[in-house]
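Visitor:
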Amino acid sequence: MDTYITTIWYRNNDGTKTQSHFTTHGRKGNAEAVTTVDHDIKTAGATYGKVERVLETGGTKLVYERRKE
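Per numbering that gives the first Met the number 0, the sequence shown starts with residue 0, numbered consecutively.
1. Between the beta-carbon of THR35 and the beta-carbon of HIS20, is there less than 8 angstroms?
2. So, for ARG66: in the same chain, excluding its five sequence neighbours on each side, which residues have a beta-carbon less than 6 angstroms away from its beta-carbon?
3. For my contact list, TYR9 and ALA45 are in at a C-beta cut-off of 8 angstroms; report their separation, rounded to the angstrom.
4. Pull up the DSSP beta-bridge partners for ILE7, would you.
5. Between the C-alpha atoms of GLU31 and ILE40, what's the straight-line distance to the nearest angstrom?
6. Grab me the residues of THR56's own chain with a C-beta within less than 7 angstroms of its C-beta, minus the 5 sequence neighbours each way, in chain order.
7. What is the residue span of the beta strand (DSSP E) that GLU55 lies within?
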């Protein structure tokens, strides 16, 4: 089963940055991860988000990223 790691960076009111991580599984997980990145950038104050697929051979591959315009 495919595994996707989503990382989203937020800017706090004091100018510092925080990030959140979560993992999803399967094809539907990829769609959910991309939707979450888009939503958080549009409405939740996120400045950058990325989705990476965990490879069977080890490591990850970037499959989606978005920055606030």
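Ideal placement from N, C-alpha and C gives every residue a C-beta, glycine not left out.
Guide: On the basis of the coordinates in this document:
1. no
2. TYR47
3. 5 angstroms
4. SER19 and GLY48
5. 14 angstroms
6. none
7. GLU55 -> no beta strand (DSSP E), and no H or E assigned at all.
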